[in-house]
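460 is the number of the first residue of the sequence shown in my numbering; add one for each residue after it. From the three backbone atoms N, C-alpha and C, an ideal C-beta is built for every residue, glycine too. Model, not experiment: these values are computed from the prediction. Step one of this worksheet: look at the structure below.
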Amino acid sequence: MFTFSRLSGFTLIELSIVIFLLTVMLFLLSSSIFFTSSKHYLNKAAYEVYARMNQARYKAIFEGTKTRVVFSPHTCSTEIFDQHNNEWKLLQRFHLEHATIEANNSPVFHPLGIVSNLASIYVRNEGGVYKITLAISGRIKLVEITENSKLNTKS
C-alpha cells in the first residue's frame, strides 16, 4: 500500500494560477459579448424599421389609403391619411432601443404602390450603420455600411 507523507490537494499557487486564467478568459468573453450585443441591437433596429416600411407599403396597396412613415431619433411611427378630416392619424409607434434614426424625409406610400417624399434613412449605434433607401417604385433596400463601402463611395 502507498502512503502519502503530506496531505493531497492543491497548493495556493496552483489555485491562484487557475483563478487568474479564469479571470482572463472571462474578460475576453465579456468584451466580445459586449460588441456583439451592440451589433445585435443595430440589426434588430434596422430590420424593424425595414419591416415597418414594408408594412406601410402593403397597407397602402391593400387598403387603398395613403400611409406614411415618420421618423424621429428614437421612434418610427406609421400614420394613415384620413380623407374625411384631411389629416394624418397615428396608426402605431415603435420605440427603438440602443439605436438612432436619421431620415431626410417621411415617405408616403400610395395605393398604386408608388412612393412620394423619397427618403434615405440611416440607423446607427456603436455597432455600425445601416442605410435604407426607397425607390419611386416602392422598392425598399437595406444595406449595411462598412468601412469598405465608405471607401468605395468616395472614389
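Distance check for residue j and residue i, CA to CA, integer angstroms please.
i, j, result
"Ile472", "His499", "40 Å"
"Arg516", "Ser496", "30 Å"
"Glu556", "His533", "7 Å"
"Val528", "Ile604", "22 Å"
"Pro566", "Gly586", "26 Å"
"Ile520", "Lys600", "18 Å"
"Asn502", "Thr526", "25 Å"
"Leu550", "Thr537", "5 Å"
"Ser575", "Asn513", "15 Å"
"Val582", "Lys590", "6 Å"
"Gly468", "Leu474", "10 Å"
"Asn611", "Ala510", "Any reading at Asn611 needs caution, since the residue's pLDDT is 44, under 50, leaving its predicted position unreliable; the model's value is listed next. Taking the straight line joining both Cα atoms gives about 28 Å."
Indicate the three-state DSSP secondary structure (helix, strand or coil) for residue i in the structure shown.
i, result
"Thr612", "At Thr612 the pLDDT is 44, less than 50, meaning the model places this residue with poor confidence; the figure from the coordinates comes in the next sentence. It is helical."
"Glu603", "strand"
"Leu471", "helix"
"Ile560", "strand"
"Ile580", "strand"
"Ile478", "helix"
"Gly597", "coil"
Quick one: measure Cβ to Cβ for residue i and residue j, integer angstroms, because I've assumed they're closer than 8 Å.
i, j, result
"Ile595", "Ile573", "6 Å"
Would you list, in sequence order, the uninterrupted alpha helix (DSSP H) runs of no fewer than 4 residues that lie entirely inside the segment 485-542? Listed in chain order, nothing qualifies, since the segment 485-542 has no complete alpha helix (DSSP H) run of 4 or more residues.
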